[in-house]
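Q: My structure is below; once you've seen it, I'll send some questions.
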Amino acid sequence: MRIDLHTHSTASDGTDSPAELVRKAAAAGLDVVALTDHDTTRGHAEAVAAVPRGLTLVTGAELSCRIDGISMHMLAYLFDAGEPALLAERELVRDDRVPRAKGMIAKLNALGVPVTWEQVERIAGNGSVGRPHLATALVELGVVPSVDGAFTKDWLADGGRAHMDKHETDPFEAIRLVKAAGGVTVFAHPGAGKRGRTVPEAAIGELAAAGLDGIEVDHMDHDPGTRTRLRGLAGELGLLVTGSSDYHGSRKTCVLGEHTTDPEVYGEIVRRATGASPVTGA
Ligand code: AMP
Ligand code: FE
Ligand code: FE
Ligand code: ZN
Numbered sequence: 000m001r002i003d004l005h006t007h008s009t010a011s012d013g014t015d016s017p018a019e020l021v022r023k024a025a026a027a028g029l030d031v032v033a034l035t036d037h038d039t040t041r042g043h044a045e046a047v048a049a050v051p052r053g054l055t056l057v058t059g060a061e062l063s064c065r066i067d068g069i070s071m072h073m074l075a076y077l078f079d080a081g082e083p084a085l086l087a088e089r090e091l092v093r094d095d096r097v098p099r100a101k102g103m104i105a106k107l108n109a110l111g112v113p114v115t116w117e118q119v120e121r122i123a124g125n126g127s128v129g130r131p132h133l134a135t136a137l138v139e140l141g142v143v144p145s146v147d148g149a150f151t152k153d154w155l156a157d158g159g160r161a162h163m164d165k166h167e168t169d170p171f172e173a174i175r176l177v178k179a180a181g182g183v184t185v186f187a188h189p190g191a192g193k194r195g196r197t198v199p200e201a202a203i204g205e206l207a208a209a210g211l212d213g214i215e216v217d218h219m220d221h222d223p224g225t226r227t228r229l230r231g232l233a234g235e236l237g238l239l240v241t242g243s244s245d246y247h248g249s250r251k252t253c254v255l256g257e258h259t260t261d262p263e264v265y266g267e268i269v270r271r272a273t274g275a276s277p278v279t280g281a
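Put into structure tokens, the structure is as follows:
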């Protein structure tokens with residue numbers, strides 16, 4: 000069984016539509032794929048309708064959170080997408096991305112970059128708008144050579160010249176909301192230092208005590224030492240360990256199934272979830 004529990008579609012900052020994503024997941028030989036767009040479940044219906052025979056789709060989202068001033072991402076799986084409190088929080092975070100993107104555009108304009116909201120809106124389509132869309136605009140304008148090149152202190156990296164914070168959920172609140180909606184939580188890429196400051200181990204312990212289900216260990220942004228350390232921490236705290244590609248289509252270099260999750264861990268996630276069931280293509 001090959002299980003990839005973290006991917007993005009055009010519903011956020013990926014480049015494949017939800018239907019293309021599930022088709023490519025099957026073609027890549029995956030048995031299970033999770034769709035985890037940033038702060039939205041908008042891609043679920045299209046993905047569910049397109050799941051090919053033999054592939055199982057896990058519906059989810061990647062929630063933008065912040066703890067002690069440090070941004071972090073919380074993967075949430077198999078929650079009830081219609082549960083009002085979690086839905087309201089997702090909408091708050093997603094909607095705040097628009098004025099924040101406009102604020103970053105104003106900062107870029109002040110730095111002499113002629114990017115416009117119309118350009119970014121065209122790139123984002125109806126996806127949850129984020130820095131990768133602005134990064135694509137900077138590539139189009141010839142300001143940087145690649146999306147990755149826009150995530151520097153000169154441009155869009157945390158604390159960079161054109162960066163702005165967005166509304167982000169307290170992760171303890173996120174855990175509470177996801178649980179109340181019948182879902183399961185996994186702290187995404189907790190050791191991804193190149194993205195900015197990481198959450199201290201003591202705080203991960205507090206999140207575990209508050210009901211966090213697992214941590215993502217096998218991820219492209221974790222070096223071997225970080226993976227070993229995180230695996231040990233998960234063992235100490237009784238957390239599930241996952242591995243995933245964090246696939247974004249052509250916006251990142253990773254490929255579907257680049258990292259995978261143990262079938263037993265996947266089984267445990269499904270057992271714990273009460274908000275939704277995985278969908279297998281017929
Ligand atoms: P946002 O949610 O708008 O703050 O943008 C964060 C997203 O940018 C992440 O989910 C990644 O998809 C992407 N990202 C963060 N750091 C990098 C990086 N160094 N290179 C490329 N993409 C990145
Ligand atoms: Fe992303
Ligand atoms: Fe993430
Ligand atoms: Zn992601």
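Taking numbering that gives the first Met the number 0, the leading residue of the sequence shown gets 0, the next gets one more, and so forth.
Virtual Cβ for every residue (Gly too), placed ideally from N, Cα, C.
Thinking C-alpha only, which one of T184, I69 and P17 is nearest V198?
A: Residue numbering aside, residue 198 sits at position 199 when the sequence shown is read from its first letter. Here the closest residue by C-alpha is I69.
Q: Could you pull the DSSP bridge partners for A25 from this structure?
A: Along the sequence shown, one-based indexing puts residue 25 at 26. None; A25 has no bridge partner.
Q: Reducing DSSP to helix, strand and coil, say where G280 ends up.
A: Taking the first residue of the sequence shown as position 1, residue 280 is located at position 281. Reduced to three states, the DSSP call for G280 is strand.
Q: Cβ atoms of R52 and A281: under 8 Å apart, would you say?
A: The residue given as residue 281 occupies position 282 in the sequence shown. The residue given as residue 52 occupies position 53 in the sequence shown. It is a contact, given that the beta carbons lie within the stated cut-off.
Q: Apply the 10 Å Cβ neighbour rule to R196 and answer buried if 16 or more other Cβ atoms are within range, or exposed otherwise.
A: Counting from one through the sequence shown, the residue named residue 196 turns up at place 197. When all chains shown are included, R196 counts as exposed.
Q: Quick check: the Cα distance between S63 and R1, rounded to an integer number of angstroms?
A: To locate residue 63, count along the sequence shown from 1; it is residue 64. To locate residue 1, count along the sequence shown from 1; it is residue 2. Roughly 27 Å separates the two Cα atoms.
Q: Hey, I203 and V240: beta-carbon distance below 8 Å or not?
A: Start at 1 with the first residue of the sequence shown, and residue 203 comes out as number 204. Start at 1 with the first residue of the sequence shown, and residue 240 comes out as number 241. No, the Cβ-Cβ distance between I203 and V240 is not below 8 Å.
Q: What do you get for T14, buried or exposed, if any count of 16 or more other CB atoms within 10 angstroms of its CB means buried?
A: Reading the sequence shown from its first residue, position 15 is the one you call residue 14. Answer is buried; the Cβ neighbour count reaches 16.
Q: CB of V146 to nearest heavy atom of ligand 1: below 7 Å?
A: One-based indexing of the sequence shown puts residue 146 at position 147. Yes - ligand 1 has a heavy atom lying nearer than 7 Å to the Cβ of V146.
Q: Within the structure, which residues are defined as neighbours of ligand 4 by a Cβ-heavy atom distance below 5 Å, reported in chain order?
A: So the residues near ligand 4 by this Cβ test are E61 and D245.
Q: Suppose the cutoff is 6 Å on Cβ atoms and the five residues either side in sequence are ignored; what does the same chain contact list for T184 look like?
A: For the purposes of this step, residue 184 is identified with residue 185 of the sequence shown, where counting begins at 1. Only M73, A75, I174, V177, L211 and D212 meet the Cβ criterion.
Q: Judging by CA-CA distance, which residue of K165, R130 and F171 is the nearest neighbour of T151?
A: Here residue 151 is taken as the residue at index 152 of the sequence shown, counted from 1. Out of K165, R130 and F171, R130 has the C-alpha closest to the C-alpha of T151.
Q: Closer than 6 Å by C-beta to M219: which residues in its own chain qualify, once you throw out the five before and the five after it? Chain order, please.
A: For the purposes of this step, residue 219 is taken as residue 220 along the sequence shown, with counting starting at 1. C253, listed in sequence order.
Q: Any heavy atom of ligand 3 within a distance shorter than 7 Å of the CB on A187?
A: Here residue 187 refers to the residue found at position 188 when the sequence shown is read from its first residue. A187 Cβ: within cutoff of ligand 3.
Q: Count the C-beta pairs between the stretch 268–281 and the stretch 76–86 that are closer than 8 Å, then say yes if the count reaches three, no if not.
A: Yes: the two stretches touch, three or more of their Cβ pairs being nearer than 8 Å.
Q: Taking only the alpha-carbon atoms, compute the straight-line gap between P144 and A187 and give it to the nearest angstrom.
A: For the purposes of this step, residue 144 is identified with residue 145 of the sequence shown, where counting begins at 1. For the purposes of this step, residue 187 is identified with residue 188 of the sequence shown, where counting begins at 1. Going by the C-alpha atoms only, they are around 27 Å apart.
Q: In the DSSP assignment, what are the bridge partners of R65?
A: Start at 1 with the first residue of the sequence shown, and residue 65 comes out as number 66. For R65, which the question treats as bridged, DSSP gives the partners S70.
Q: Following a CB-centred definition, is S8 positioned closer than 7 Å to any heavy atom of ligand 1?
A: The residue you call residue 8 lines up with position 9 of the sequence shown. No.
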